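Okay, structure first, notes after.
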Amino acid sequence: MTHSKPISDQLMDYVCPACQGGLESIESGYHCSPCNKSYPILCGIPDFRLSSDRYLSLSDERKKAQYLHDFGREHTLNALVGEYYRITDDVPPNSAKQFALRHMFLMARRAAPKS
Ligand SMILES: [Zn+2]
């Protein structure tokens, strides 16, 4: 994981999303002493989520995000989108290609000048 402190550290104080207590900055992110929860800095972004979505555990989501972040540093956006769908277990391979193509189509359409 990336442990560098985000620039937003200099702009605001965070509070624990679980108990609203003050957070202590630690090497790997933030820690709340009152409820003993820790929040990592993931890819330069503090991750204050308390739970995951229904597909992956929070730990697995964080691993996936870090993997995709690292992958994206050495690949194109098209490759990154394809990789995201390729490693997403609940998306069948045929659907993964369609989702990736749709995603790229929508980004291209959004970037195109409006007529
Ligand atoms: Zn707390």
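Numbering follows the working numbering, with no gaps: position 53 of the sequence shown is 138. Beta carbons: idealized from backbone N, C-alpha and C, even for Gly. Model, not experiment: these values are computed from the prediction.
Thinking C-alpha only, which one of the options is nearest residue i?
i: aspartate 33; options: Asp138, Glu112 and Asp132; result: Because the chain here runs from 86 to 200, residue 33 falls outside it and cannot be looked at.
i: asparagine 121; options: Ile111, Leu127 and Ile130; result: Ile111
i: proline 119; options: Gly129, Cys128 and Leu108; result: Leu108
i: leucine 186; options: Val166, Leu127, Gln105 and His154; result: Val166
i: glutamate 146; options: Asn163, Pro125, Asp98 and His160; result: Pro125
i: isoleucine 130; options: Ser142, Ala193, His154 and Tyr140; result: His154
i: valine 100; options: Leu135, Cys128 and Asn163; result: Leu135
i: tyrosine 140; options: Phe133, Cys104 and Lys149; result: Lys149
i: glycine 114; options: Leu191, Leu127 and Gly157; result: Leu127
i: threonine 161; options: Ser144, Ala196, Met189 and Ser142; result: Met189
Quick check on residue i: does DSSP put it in helix, strand or coil?
i: tyrosine 140; result: coil
i: arginine 157; result: The sequence as given places glycine at residue 157; arginine does not occur at that position. DSSP places glycine 157 in helix when its eight states are reduced to three.
i: proline 131; result: strand
i: valine 176; result: coil
i: glutamine 183; result: helix
i: proline 198; result: coil
What does DSSP give as the partner residues of residue i in its beta bridges?
i: histidine 116; result: Glu109 and Ser123
i: valine 100; result: Gly107
Please check if any C-beta of chain B sits within less than 7 Å of the C-beta of residue i.
i: serine 142; result: No chain B is present in this structure, which holds just one protein chain.
Would you check if the segment 151 to 171 and the segment 180 to 187 touch, i.e. whether three or more CB-CB distances between them fall below 8 Å?
Enough Cβ pairs lie closer than 8 Å, so yes.
Residues passing the C-beta test against ligand 1 heavy atoms, cut-off 6 Å
Qualifying residues, in the order they occur: Cys101, Ala103, Cys104, Gly106, Cys117, Pro119, Cys120 and Lys122.
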